[in-house]
Structure formats: C-alpha cells, structure tokens
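Report on the structure given below.
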Amino acid sequence: MSSKILIIGACGQIGSELTYKLRDIHGNENVIASDINYGNLDVVNSGIFEILDAQDYSAVKICVEKYNIKTIYLMAAMLSATGEKFPMKAWDLNMDSLFHVLNLAKEGFIKNVFWPSSIAVFGSTTPKENTPQYTIMEPSTVYGITKQVGERWCEYYHNKYGVDVRSIRYPGIISWKTLPGGGTTDYAVDIYHKAIADKTYECFLSENTELPMMFMDDAIKATIDLMHADSDSVKIRSSYNLAAISFTPTDIANAIKKHIPDFTISYKPDFRQEIADSWPKSIDDSQARQDWNWTHNFDLEAITKEMLTNLSKE
Ligand code: AKB
Numbered sequence: 004m005s006s007k008i009l010i011i012g013a014c015g016q017i018g019s020e021l022t023y024k025l026r027d028i029h030g031n032e033n034v035i036a037s038d039i040n041y042g043n044l045d046v047v048n049s050g051i052f053e054i055l056d057a058q059d060y061s062a063v064k065i066c067v068e069k070y071n072i073k074t075i076y077l078m079a080a081m082l083s084a085t086g087e088k089f090p091m092k093a094w095d096l097n098m099d100s101l102f103h104v105l106n107l108a109k110e111g112f113i114k115n116v117f118w119p120s121s122i123a124v125f126g127s128t129t130p131k132e133n134t135p136q137y138t139i140m141e142p143s144t145v146y147g148i149t150k151q152v153g154e155r156w157c158e159y160y161h162n163k164y165g166v167d168v169r170s171i172r173y174p175g176i177i178s179w180k181t182l183p184g185g186g187t188t189d190y191a192v193d194i195y196h197k198a199i200a201d202k203t204y205e206c207f208l209s210e211n212t213e214l215p216m217m218f219m220d221d222a223i224k225a226t227i228d229l230m231h232a233d234s235d236s237v238k239i240r241s242s243y244n245l246a247a248i249s250f251t252p253t254d255i256a257n258a259i260k261k262h263i264p265d266f267t268i269s270y271k272p273d274f275r276q277e278i279a280d281s282w283p284k285s286i287d288d289s290q291a292r293q294d295w296n297w298t299h300n301f302d303l304e305a306i307t308k309e310m311l312t313n314l315s316k317e
C-alpha cells in the first residue's frame, strides 16, 4: 500500500490550499483531507474527506490506521485574535492536537509531521527589525504562547525520540480562495474583498503598523519545499523563520489605489492593535534560505494584482 498524507484542518485558509497542492503532486487518492466540520465544500468535494476532531486522539489514530497515513500536516489551530477571546480553548486545541500527532509519530504509526508555527512566537521584547532566528521570545498572546511551547516540544520529540517534525513560523498569509479566520493579519485579506465590493475599508490596525506578510503560493511552496528537503539539511527542528515582504495598511491601500483609484481607507484600531504592536516588523529568514534554498516570488505589487484579478472573477 502506498504511503498517504493526512491534512488536519483542511478546510482552513492554509489547509485548503495545501490540500489542493498536495493532491496535484501526490494524486487525489493519496491525500486525505479532514476537519471538525464540512466548513469548505470545495475541499470536501475535491477528494477523500473525513470529519475529524484534532483533539480526539483515538479518532486521529483510527483515521491514520484506516488510510495507512505516513505524513500528517496539522493545520488546525485557534489563531491570535480568537485565542484572546477563548484562552483555554486555544491552549487546549493548539496543544492537544500537537501532542496527539507527535505521539503518533513517536509510537511509529506515522513517519513525518508538519506543524505550523508563527511570528506570534515573538513578543514586545524581541528585536522588531530583521528579527533573528534565535532571539528573545516572550509572546504575549495565548496563540503565541502555544506556538512557542509547541516549538520546544517539536524539537524535544525530534531530539529524544527521532520524530521527523518540520515547522515554519508563518507570517500573515494573503490568499483569495479561502478566507482566514481569527487572526491579527486578516485585515490584509479583508481589504481586497472590501476594495472590490465597496471601494472603501475600515482597518482595525493603525496606518503605520508594519507586519511581515506572504502570498499563499509562496507559503505553500515553502511548506512543500521544507517537507521534501533531505532530512540532513533540516537543521532546525523547532521552527524556521520565514519571510517574504513587510508592509503597513497604508502601503497596501496605496497598492490597491493603483488599480482602483477611488478606493479609500480609514482606521479604527481595536484590541488587535496591541497584538500587532507586539510582533516583529520584519524577519531574518537567512537560515531557511541557506538550509533548504527558500526563496519567495511575490512582492506587494504582484500580490495585489493576483488578489484583485481573482476576487473580481468571483
Ligand atoms: C494571526 O494573525 O494570528 C496569524 C499568524 C500571524 O499566525 N495569521
């Protein structure tokens, strides 16, 4: 029987596009999509789909055995903004699901694990410009705490039990196929939807809030490149810094105005401003570039063109 891939959290923003890409590469029958509900019918209808609660160890194990799964991409998580509203739920979901997958690997049921970390592992005491791979990390959100602790556990399972776990610290991800949910960087997707629908956007972050961002295609490429890299070249088993571009709400509004000249933006910062203020402005990802040849393709101009073109067709 061929070895198969399970995506947990396949209906979400990154999980959905990862599902499509992995199906292109490995064939529909080798990639099993799963989520807690039928949250994305495009994913549900695109191949094998299982309802799966990432917090239920037995259910995940049964699914792994049913399909002879060898690789899990664990994309289910509660993100930064929602996590602040439901701190214990965020902790339970983000940590339980990780332990279940790491333990399945430790016990030999699966061979490879991808688990996403985030720029949220950094906090207000971290250097903000060109944030190094190794630096002060004092996250102030529950989400950031789960990601930082998760990174430590990933490295621990690799060192102590030989688990092949790989991870990336994603910046804000911009995409047009599936909406993000519950993050602080979500404005950078909402703004394109509102630009097309209403020609105006009220931003929940202030105009000069600079954050690291990346187009979905680059994020998927990074994920797959890391998972396909030789084990020896994956030197970091906590999580890799990863960067493409950094911009402010003003920068993205100006990029949109080149295509929609009468687009307007206003600013009404809410509780997410404090989260954004605690995160880096830009990231040093030289280790990823060196270890597994990471490069990004999309700058703000290219992202804006892709977003507006594809969303206008919908
Ligand atoms: C969020 O805003 O919470 C996420 C992230 C940066 O991990 N997009």
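Per the numbering used here, the very first residue in the sequence shown carries number 4; after that it's consecutive.
Glycine residues also receive a C-beta, built at the ideal position from the N, C-alpha and C atoms.
These numbers come from a predicted model, not from an experiment.
Could you tell me whether the Cβ atoms of residue i and residue j are closer together than 8 Å?
| i | j | result |
| --- | --- | --- |
| Asn211 | Thr267 | no |
| Ser2 | Glu213 | For the chain, the structure presents residues 4 to 317; residue 2 sits outside this window and is missing. |
| Ala225 | Leu245 | yes |
| Lys109 | Tyr160 | yes |
| Val124 | Pro142 | yes |
| Thr74 | Ser49 | no |
| Ala256 | Thr307 | no |
| Glu20 | Phe274 | no |
| Glu205 | Lys284 | no |
| Ala191 | Gly165 | no |
Please look up how many angstroms separate the CB atoms of residue i and residue j, rounded, as I've assumed it's under 8 Å.
| i | j | result |
| --- | --- | --- |
| Tyr195 | Leu105 | Going by Cβ atoms, the distance from Tyr195 to Leu105 rounds to 36 Å, so no, they are not a contact pair. |
| Pro90 | Val145 | 4 Å |
| Leu77 | Ile11 | 5 Å |
| Leu101 | Trp156 | 7 Å |
| Thr85 | Gly185 | 3 Å |
| Leu96 | Ala57 | 7 Å |
| Glu158 | Arg240 | 5 Å |
| Pro215 | Ile286 | 5 Å |
| Trp297 | Asp201 | So it is not a contact: roughly 37 Å between Cβ atoms. |
| Thr181 | Asn300 | Actually they do not touch by this definition, with Cβ atoms about 20 Å apart. |
| Thr187 | Ala279 | 5 Å |
| Met219 | Ile177 | 7 Å |
So, for residue i: in the same chain, excluding its five sequence neighbours on each side, which residues have a beta-carbon less than 8 Å away from its beta-carbon?
| i | result |
| --- | --- |
| Tyr173 | Ile17, Pro119, Ser120, Ser121, Ile122, Met217, Ala222, Leu245 |
| Val47 | Cys14, Ala36, Tyr41 |
| Tyr70 | Lys7, Leu9, Ile35, Ile51 |
| Glu68 | Phe112 |
| Ser234 | Asp167 |
| Met98 | Thr149, Val152, Gly153 |
| Lys114 | Ser6, Lys73, Thr74, Ala108, Asp167 |
| Leu311 | Tyr195, Ala198, Ile199, Ile259, His262, Ile263 |
| Ile28 | Ile227 |
| Ala305 | Phe218 |
| Ala79 | Ile11, Gly12, Gly15, Gly18, Asp38, Ile39, Ala57, Leu96, Ser100 |
Please tell me whether, using a cut-off of 7 Å, the distance from the CB of residue i to the nearest non-hydrogen atom of the ligand PLP is below it.
| i | result |
| --- | --- |
| Leu82 | Of the ligands this structure carries, namely the ligand AKB, none is the ligand PLP. |
Could you name the residues of the same chain whose beta carbon sits closer than 7 Å to that of residue i, not counting the 5 residues immediately before and after it, in chain order?
| i | result |
| --- | --- |
| Glu53 | Ile35, Ser37, Cys66 |
| Lys92 | Met81 |
| Trp282 | Ile122, Ala123, Phe125, Leu214 |
| Ala232 | Trp295 |
| Asn31 | Gly50 |
Go through its chain and collect everything with a Cβ distance to residue i's Cβ below 6 Å, but skip five positions before and after it.
| i | result |
| --- | --- |
| Asp294 | Ser236, Lys238 |
| Ile39 | Asp56 |
| Glu309 | none |
| Ala198 | Ile259, Ile263, Phe266 |
| Ser269 | Glu205 |
| Arg292 | none |
| Asp45 | none |
| Asp288 | Asn244, Leu245, Ala246 |
| Trp179 | Met310, Asn313, Leu314 |
| Asp302 | Ile248 |
| His103 | Tyr60, Val63 |
ask   = Mind pulling the alpha helix (DSSP H) runs of 4 or more residues that sit fully within the stretch 206-247?
value = 219-231
Cβ contact (3+ pairs, closer than 8 Å) linking the stretch 58-66 and the stretch 121-131 = The stretch 58-66 vs the stretch 121-131: no contact.
request  = Determine, using beta-carbon pairs with one atom in the stretch 156-171 and one in the stretch 131-139, whether at least three such pairs fall under 8 Å.
outcome  = The stretch 156-171 vs the stretch 131-139: no contact.
task = Can you check the stretch 40-91 for any beta strand (DSSP E) of at least 3 residues that lies completely inside it and give the ranges in chain order?
result = 52-54, 72-77
task = Ignoring anything shorter than 3 residues or poking outside the stretch 109-175, list the beta strand (DSSP E) runs there in chain order.
result = Within the stretch 109-175, the complete beta strand (DSSP E) runs of at least 3 residues are 115-117, 167-169, 171-173.
Beta strand (DSSP E) segments (min. 3 residues) lying fully within the stretch 262-310 = 267-270
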